[in-house]
Amino acid sequence: MSKGQLSINLATTRGSWGFAEAVDGCLRHDITAIAPWRDQVEAIGLKEAARIVETNKLRVTGLCRGGMFPAADEAGRQTNIDDNKRAIDEAVALNADCLVLVVGGLPGSSKDIVDARKQVTDGIAAILPYARENNMKLAIEPLHPMYAADRVCVNTLSHALDICVELGQGVGVAIDVYHVWWDPQLAEQIARAGQMGAIYAHHICDWLVPTKDLLLDRGMMGDGVIDLPGIRAMIEAAGFHGPQEVEIFSQDNWWKKPGDEVLQTCMTRFKTVC
Numbered sequence: 001m002s003k004g005q006l007s008i009n010l011a012t013t014r015g016s017w018g019f020a021e022a023v024d025g026c027l028r029h030d031i032t033a034i035a036p037w038r039d040q041v042e043a044i045g046l047k048e049a050a051r052i053v054e055t056n057k058l059r060v061t062g063l064c065r066g067g068m069f070p071a072a073d074e075a076g077r078q079t080n081i082d083d084n085k086r087a088i089d090e091a092v093a094l095n096a097d098c099l100v101l102v103v104g105g106l107p108g109s110s111k112d113i114v115d116a117r118k119q120v121t122d123g124i125a126a127i128l129p130y131a132r133e134n135n136m137k138l139a140i141e142p143l144h145p146m147y148a149a150d151r152v153c154v155n156t157l158s159h160a161l162d163i164c165v166e167l168g169q170g171v172g173v174a175i176d177v178y179h180v181w182w183d184p185q186l187a188e189q190i191a192r193a194g195q196m197g198a199i200y201a202h203h204i205c206d207w208l209v210p211t212k213d214l215l216l217d218r219g220m221m222g223d224g225v226i227d228l229p230g231i232r233a234m235i236e237a238a239g240f241h242g243p244q245e246v247e248i249f250s251q252d253n254w255w256k257k258p259g260d261e262v263l264q265t266c267m268t269r270f271k272t273v274c
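According to UniProt numbering, the sequence shown is numbered sequentially starting from 1.
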């Protein structure tokens, strides 16, 4: 079975490189698909980042990130909507496959997760016409429930797909194995996403046992407990054959290693364990 293309989310080499250095490193290893973060693009300038992408004929498998919709008041919600429209502009300039949405958690001191989820759906609905006008797909990334309070209150693939159904064309999902591998409904929901044509991105890494930091201790593929080939097979059976995007936050391990070593390891593991 073909494994498709490898993409590097530039969070993976954040410990060593900015945008331009990461692109140079990827090209040294014949990797031509990337997924940058907005702060990395801002640091070099959108115009220069877009030039680098175009000159090197790179595929941008996603721009990270839009989202963070909930806020304590209407002014805050409008500020977040405006920022997401800027994110759409940036994704368009980079010719990204999609804008990844890390949708946000409970705003301020709120304990009302039902309202936070409503604000997420309302926020996506508010930017969707602009995304459609600009032919930019919006990819909701459900995150592990441990992030429900502060980062993302959409925590299952099922919930994300329900939002896609409610909002319609142009909204899909980014399936990150780190966040969904544990879900008893995973196979069913990946198949559902495929039937909807809603799989826009596939992110890979591994879940370490023990995990020392729930945000910044992701594992390299093969170092943890996730059945990467099994999930890949589900996603490909559902019709998505795009790149697998390595996204590793690892402040005490991979971010301390030279970028070229990180990329070489990503390539080896992609070939041998994914």
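For every residue, glycine included, the Cβ atom is placed at its ideal position computed from N, Cα and C. Nothing here was measured: the structure is a model prediction, and the numbers come from that model.
Straight-line Cα distance separating Asp206 from Ile226
Sequence index remark: in the sequence shown, residue 226 carries index 226 (1-based). Sequence index remark: in the sequence shown, residue 206 carries index 206 (1-based). Roughly 6 Å separates the two Cα atoms.
Go to Asn9, then tell me how far its alpha helix (DSSP H) extends in each direction, as first and last residue.
Numbered from 1 along the sequence shown, position 9 holds the residue referred to as residue 9. Unbroken run through Asn9 is the beta strand (DSSP E), Leu6 to Asn9; no alpha helix (DSSP H).
Determine the burial state of Pro107: buried for a count of at least 16 other Cβ atoms within 10 Å of its Cβ, exposed for fewer.
Looking up residue 107 in the sequence shown gives position 107. That one is buried.
Quick one, are the C-beta atoms of Met267 and Leu6 less than 8 Å apart?
Counting from 1 along the sequence shown, the entry for residue 267 is found at position 267. Counting from 1 along the sequence shown, the entry for residue 6 is found at position 6. Yes. Within cutoff.
Helix, strand or coil at Glu21 [DSSP, three-state]
Translated into positions along the sequence shown, residue 21 becomes position 21. Three-state DSSP puts Glu21 in a helix.
Closer than 7 Å by C-beta to Ile44: which residues in its own chain qualify, once you throw out the five before and the five after it? Chain order, please.
Start at 1 with the first residue of the sequence shown, and residue 44 comes out as number 44. Result list for Ile44: Gly18, Phe19 and Ala20, in chain order.
Give the DSSP bridge partners of Gln244, in chain order.
The residue given as residue 244 occupies position 244 in the sequence shown. Note: Gln244 sits in a beta bridge opposite Leu6 and His202.
So what does DSSP say about Lys118, is it helix, strand or coil?
As a position in the sequence shown, residue 118 is number 118, starting the count at 1. Helix, per DSSP.
Mind checking Asp213: buried by the 16 CB within 10 Å criterion, or exposed?
The sequence position of residue 213 within the sequence shown is 213, counting from 1. Burial call: exposed.
Just to confirm, are Gln119 and Pro70 a CB contact at a threshold of 8 Å?
For the purposes of this step, residue 119 is taken as residue 119 along the sequence shown, with counting starting at 1. For the purposes of this step, residue 70 is taken as residue 70 along the sequence shown, with counting starting at 1. Yes. Within cutoff.
So, at 7 Å on beta carbons, what are the nonlocal neighbours of Asn134 in its own chain, with the 5 sequence-adjacent residues on each side left out?
Start at 1 with the first residue of the sequence shown, and residue 134 comes out as number 134. The answer, listed in chain order, is Ile88 and Val92.
So Gly140 and Val171 are in contact, right, with Cβ under 8 Å, and what is the actual spacing, rounded?
The sequence position of residue 140 within the sequence shown is 140, counting from 1. The sequence position of residue 171 within the sequence shown is 171, counting from 1. It is Ile, not Gly, that sits at residue 140 in the sequence shown. So it is a contact: roughly 7 Å between Cβ atoms.
Pair within 8 Å by beta-carbon distance, Val41 and Gly67:
Position 41 of the sequence shown, counted from the start, is the residue given in the question as residue 41. Position 67 of the sequence shown, counted from the start, is the residue given in the question as residue 67. Not in contact: Val41 and Gly67 (Cβ atoms no closer than 8 Å).
On a Cα-Cα basis, can you pick out the residue from Phe249, Thr272 and Tyr200 that is closest to His241?
As a working mapping, residue 241 is identified with position 241 in the sequence shown. Comparing Cα positions, the closest option is Tyr200.
Spatially closest choice to Ile163 from Ile124, Tyr147 and Leu143, by CA coordinates:
As a first step, residue 163 must be located in the sequence shown, where it is residue number 163. Ile163 has its Cα closest to that of Ile124, out of Ile124, Tyr147 and Leu143.
Compare the C-alpha of Ala35 against each of Gly194, Ala160, Glu166 and Thr12 and name the closest.
Looking up residue 35 in the sequence shown gives position 35. When only C-alpha atoms are compared, the closest one is Thr12.
Which word fits Ala84, buried or exposed, when buried means at least 16 other C-beta atoms lie within 10 angstroms of its C-beta?
Against the sequence shown, residue 84 aligns to sequence position 84. Looking at the sequence shown, residue 84 is not Ala but Asn. Asn84 comes out buried.
In DSSP terms, what Cys64 is bridged to
In the sequence shown, the residue the question calls residue 64 occupies position 64. DSSP, once it has assigned bridges, lists Trp37 and Val100 as partnering Cys64.
From which residue to which residue does the beta strand (DSSP E) around Leu138 run?
Counting from one through the sequence shown, the residue named residue 138 turns up at place 138. Looking at the DSSP string, the run of the beta strand (DSSP E) that includes Leu138 is Lys137 to Ile140.
What three-state label does DSSP hand Arg59 in the structure shown?
Indexing the sequence shown from 1 puts residue 59 at position 59. Arg59 falls in the strand class under three-state DSSP.
With a threshold of 16 other CB atoms inside 10 Å of the CB of Gln244, please say whether the residue is buried or exposed.
Within the sequence shown, the letter at position 244 stands for residue 244. Classification of Gln244: buried, given that the 10 Å Cβ count is 16 or more.
What is the residue span of the beta strand (DSSP E) that Gly45 lies within?
By one-based count along the sequence shown, residue 45 stands at place 45. That residue, Gly45, is in no beta strand (DSSP E); it is neither H nor E in DSSP.
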